[in-house]
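Asker: In the UniProt record's numbering, the protein residues as written are 1 to 946.
Even glycine gets a Cβ: it sits at the ideal position worked out from N, Cα and C.
Here the structure is a predicted model, which is why all the values come from computation and not from measurement.
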Amino acid sequence: MTWPRPHAEDARAHAGERTRRVPELKARQGKWALRRRRTPRRGSQRFLVRRCARAREGGGGGAVRRRGRQCAGAGGGRAEAAEAAAAAAAEARAEGRELRRERTGWWASERRRNGGLPRGEPVVPVRPQQRGQWRRRRGKHGRLHGPGRRLGPGPAAGPGLGEAAAQEIVDGNAKMTLGMIWTIILRFAIQDISVEETSAKEGLLLWCQRKTAPYKNVNVQNFHISWKDGLAFNALIHRHRPELIEYDKLRKDDPVTNLNNAFEVAEKYLDIPKMLDAEDIVGTLRPDEKAIMTYVSCFYHAFSGAQKAETAANRICKVLAVNQENEHLMEDYERLASDLLEWIRRTIPWLEDRVPQKTIQEMQQKLEDFRDYRRVHKPPKVQEKCQLEINFNTLQTKLRLSNRPAFMPSEGKMVSDINNGWQHLEQAEKGYEEWLLNEIRRLERLDHLAEKFRQKASIHEAWTDGKEAMLKQRDYETATLSDIKALIRKHEAFESDLAAHQDRVEQIAAIAQELNELDYYDSHNVNTRCQKICDQWDALGSLTHSRREALEKTEKQLETIDQLHLEYAKRAAPFNNWMESAMEDLQDMFIVHTIEEIEGLISAHDQFKSTLPDADREREAILAIHKEAQRIAESNHIKLSGSNPYTTVTPQIINSKWEKVQQLVPKRDHALLEEQSKQQSNEHLRRQFASQANIVGPWIQTKMEEIGRISIEMNGTLEDQLNHLKRYERSIVDYKPNLDLLEQQHQLIQEALIFDNKHTNYTMEHIRVGWEQLLTTIARTINEVENQILTRDAKGISQEQMQEFRASFNHFDKDHGGALGPEEFKACLISLGYDVENDRQGDAEFNRIMSVVDPNHSGLVTFQAFIDFMSRETTDTDTADQVIASFKVLAGDKNFITAEELRRELPPDQAEYCIARMAPYQGPDAVPGALDYKSFSTALYGESDL
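1) CA-CA distance, Y941 and V376?
2) Quick check on the DSSP output: the alpha helix (DSSP H) that includes T464 runs from which residue to which?
3) Should Y373 and L446 be called a contact, given that it needs their Cβ atoms to be closer than 8 Å?
4) Any idea which residues DSSP pairs L673 with across the strands?
5) Helix, strand or coil for D843, going by three-state DSSP, please let me know.
6) Please state whether DSSP places F494 in a helix, a strand or coil.
7) Does A919 come out as helix, strand or coil in the three-state DSSP assignment?
8) A569 and N644: beta carbons closer than 8 Å?
9) In chain order, what residues of the same chain have a beta carbon less than 8 Å from the beta carbon of N456, not counting five sequence neighbours either side?
10) Work out the CA separation of N516 and A573 for me, nearest whole Å.
11) Keeping to the same chain, check which residues put their C-beta closer than 8 Å to that of G73; ignore five residues upstream and five downstream.
12) So, for H777: in the same chain, excluding its five sequence neighbours on each side, which residues have a beta-carbon less than 6 Å away from its beta-carbon?
13) What three-state label does DSSP hand V861 in the structure shown?
14) Could you check which residue in V282, E267, D271 has the C-alpha nearest to that of D253?
15) In chain order, what residues of the same chain have a beta carbon less than 7 Å from the beta carbon of F303, not counting five sequence neighbours either side?
16) In the DSSP assignment, what residue or residues form a beta bridge with L931?
17) Does DSSP put residue 949 in a helix, a strand or coil?
18) Could you check if A499 is buried or exposed, using at least 16 other CB atoms within 10 Å of its CB as the buried criterion?
19) Alpha carbons only, please: which of R371, E468, H565, S808 is nearest the one belonging to I830?
20) On a CA-only basis, which of I710, E618, E444, R687 is nearest N761? Give me that one, please.
21) Of all the CB atoms in chain C, is at least one closer than 8 Å to the CB of P349?
22) Going along the chain, which unbroken runs of the alpha helix (DSSP H) with 4 or more residues stay wholly within the stretch 287-352?
23) Contact between the stretch 930-937 and the stretch 880-892: three or more CB pairs below 8 Å?
24) Less than 8 Å between the C-beta atoms of H491 and R548, yes or no?
25) Using the rule of at least 16 other Cβ atoms within 10 Å of the residue's Cβ for burial, across every protein chain shown, is A916 buried or exposed?
26) What number of angstroms, rounded off, separates the C-alpha of A337 from the C-alpha of L775?
27) Taking L320 as the reference, give the member of L931, D893, A880 with the closest Cα.
28) Measure the Cβ-Cβ separation of A278 and F263 and say whether it is below 8 Å.
29) With a cut-off of 8 Å on the beta carbons, I'd call L351 and A428 a contact; round off their distance for me.
30) Residues in its own chain within less than 7 Å of L250 by CB, not counting five upstream and five downstream?
31) May I have the straight-line CA-CA distance separating V592 from I598, to the nearest angstrom?
32) Could you round the C-beta distance between N787 and T397 to whole angstroms and report it? I think they count as a contact, below 8 Å.
33) Answer yes or no: do L672 and I595 have a C-beta to C-beta separation smaller than 8 Å?
34) CA-CA distance, V889 and Y921?
35) Just how far apart, CA to CA, sit I225 and R903?
36) Please name the residue in G859, L931, T212 whose C-alpha comes closest to that of P242.
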């Protein structure tokens, strides 16, 4: 639409005059605004038809359109049409009352605040006619002239609302007019709201949620239902101006009082007009979203000054959260380290307790307890030790990433202290197991020797029974010559028998001496019995010597002797001794540990059986001598006085002992065959264990070498390396059943008391140590890669930079040990462009860098320390000055801060954390309760408490 040129020229010609006559122009404009064009009377037919027509055009709301269609379609009388139109108008007015109040209220508020115009609205000068008079325009063009000029395009507001908006205003279209006002509100009051790069609506909602989060019964999720009880409005005011509202006295079940209280306080103290009506909001099922947004945007602009403080509080929260997390990790490390060291301290004395037991059963119980310790108690501690090292490395990485000093554990709780304690524990384990096996072997030998001592002592005591009484007899005093000669021969046979038993007595004494040397628990009884035998043996020797002298003294008087009996006695006595020795050997206990030893016993037994035919012939010859004497006596009618006077070994005794030998031989065969079967089974166990150990041992060594190559090469991205290592770790864990099988075979070997294995160089202890080292190495390598990823992500290091760092490190790591010496590290720094040449300045710079990458002065620089140094040199981190500046914003530029300010600006837990750790402020401007935030901020980046 084109305005008449004279009016446009008048506007340009009188632009300056309008500036001078602003009060007069405002008065006239107000006067003209009160004038209303003539409209038909509400009760007339023209009024009803026009309202129905507007309803059909969409200007009066859905209810008006429905009522208008009813009016037009009914075609009834004038009274029915008037009633329907009046009802439609009332419903339209009810629907638009809330929008008009809110938007016109906002317009009035902005005009008051900005001197008559909304914020950012372009000023278009309007001047009167040249002669200082305003000319009122008639007709529709005149009514369009004023709104059109105000709705035209401006330099700050962008494109204007256009002539169409002016047309709708002049036509009285309430819906379009309110929509125009909403567009203005959205453009000048809401569109510039932005919170964390969100849209205006989302940013305003996020701002409301953050400000009302600490208040109970408030949960802002939208701009309609969440505000209906009025608590959200009161919470916004109380968060920024707590002295204006007593929030704890508000009740959720009284929304009208809550809403009126918020509206009145906002209008009285915050200069925010009352745009909404409490009864309309409560009485509406779903309050108008745009009305609520408009009213809440006024609060946002009123409190926008607090945004700076919120940003500062967020920075402090971030720094404090990092410090709290680090302190929690330090406490966990201290607790885990203390528990592990305490367990090691309690376990080592148990392993070093080498008090021997009396019986083999008690020592075997000790061995079973040690196996339970190995299977049940130690594996969880191995996992704890590995996890402790991983937690320590992760904590150190997080401290370096947050620009904190390295964590130094308490005295005696370093990782090296734990490793030393663990090494001491493993040494004690090895010594304890060797001691147990040696003790079992010793007790087994002791039991064998003790049984052998008792058996030989019983045989000897049975032989000596009655010998003293026999030697003390004085029968030779009344005997004839022949009797004396018989007694002499008999005594000679006894002496021969006595000499044969000399070896047995010496064996008994030697066994007793060995039992004493091996510290046999029942040595007292053994010594007592041995002493008794020795004393008795000495007495027998003395008595034998005395009796021989007496017989020799009277031998001259005795001539007759039965040569046949004498020959019998001489041959029967050795044969009897041989049978006794054979029975003793056949009943002798034996202990072997190898198949070769049992085969040697079987061979010796076979040789013994080969002598049995000769012995049987000797027995028959001895019995033939006795039969010949009987035959001669019978044939010559000689009446023998009784048994053979030269010996007590009768044919019955010889036959009885020979039968006993014949019975003992198969028993000995059976015992040797059983032992041979046992040794064959033991040999099978040895070969079975050796076969599995010769596979598992080299496999562990190969995996250790492969992990070393992987940790050095590190091809691909860190994530690929991590995934590769984790798959590698799973393959290692999947190999665990082979180790369990080896443990089962080792347990069978120990239960069978097998102490050596010539088929393999691997022991179970070597396998266990290698397996634990393998698990620890792969876990430590995975942790190093995870820390590298954490460093890369936190410091913004690209994959190319990480690979470049790895390539430089590997180039100078000549021995592939995973660490650089001082000279290698200096060469690496020179290759990267650092000025660390061999001069005074270069040496000082190099010493500074070494103090950073090697704080413990170990003389080695690991790849993780190298990455931390390079990331620290190429990225930026928070500093103590930034935290001090943030606290200063919260304190309102004061040199101190109060507990109330901390609780108002920070979350409750972090506010209490700061209050508990901040020292009182001692400056000249201090007030009661003032806290020193500067020393607190400096301490965050200084030495830790732990």
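Answerer: Well, looking at it:
1) For Y941 and V376, the distance between alpha carbons rounds to 44 Å.
2) Under the DSSP assignment, T464 falls in the alpha helix (DSSP H) whose first and last residues are 415-464.
3) no
4) Paired residues: none, contrary to the question.
5) DSSP places D843 in helix when its eight states are reduced to three.
6) In the three-state reduction of the DSSP assignment, F494 falls in the helix class, which pools H, G and I.
7) When DSSP states are grouped into helix, strand and coil, A919 belongs to the strand group.
8) yes
9) A small correction: the amino acid at residue 456 is Lys; Asn does not occupy that position in the sequence shown. Excluding sequence positions up to five before and after K456, its CB lies within less than 8 Å of the CB of R504, Q507, I508, I511, E584, all in the same chain and listed in chain order.
10) A573 and N516 have their C-alpha atoms some 35 Å from each other.
11) Here G73 scores only 38 on pLDDT, less than 50, and its place in the model is too uncertain to base an answer on.
12) In the sequence as displayed, the identity of residue 777 is Thr instead of His. Around T777: I707.
13) Looking at V861 - three-state DSSP - the assignment turns out to be strand.
14) V282
15) The residues are H240.
16) I897, P920
17) The structure shown does not extend to residue 949, since the chain spans only 1 to 946, so no value can be given for it.
18) Exposed: under 16 other Cβ atoms inside 10 Å.
19) Taking I830 as reference, the option from R371, E468, H565, S808 with the minimal CA-CA separation is S808.
20) Of the candidates I710, E618, E444, R687, the one whose C-alpha sits nearest the C-alpha of N761 is R687.
21) Here chain C cannot be found, since the structure has a single protein chain.
22) Segments of the alpha helix (DSSP H) lying fully in the stretch 287-352: 289-302, 307-351.
23) The answer is yes - the stretch 880-892 touches the stretch 930-937, with three or more Cβ pairs under 8 Å.
24) yes
25) Label assigned to A916: exposed.
26) 20 Å
27) A880
28) Going by C-beta atoms, A278 is nearer than 8 Å to F263.
29) 4 Å
30) L231, N234, N258
31) Taking the straight line from one Cα to the other gives about 6 Å.
32) 4 Å
33) no
34) 17 Å
35) 30 Å
36) T212
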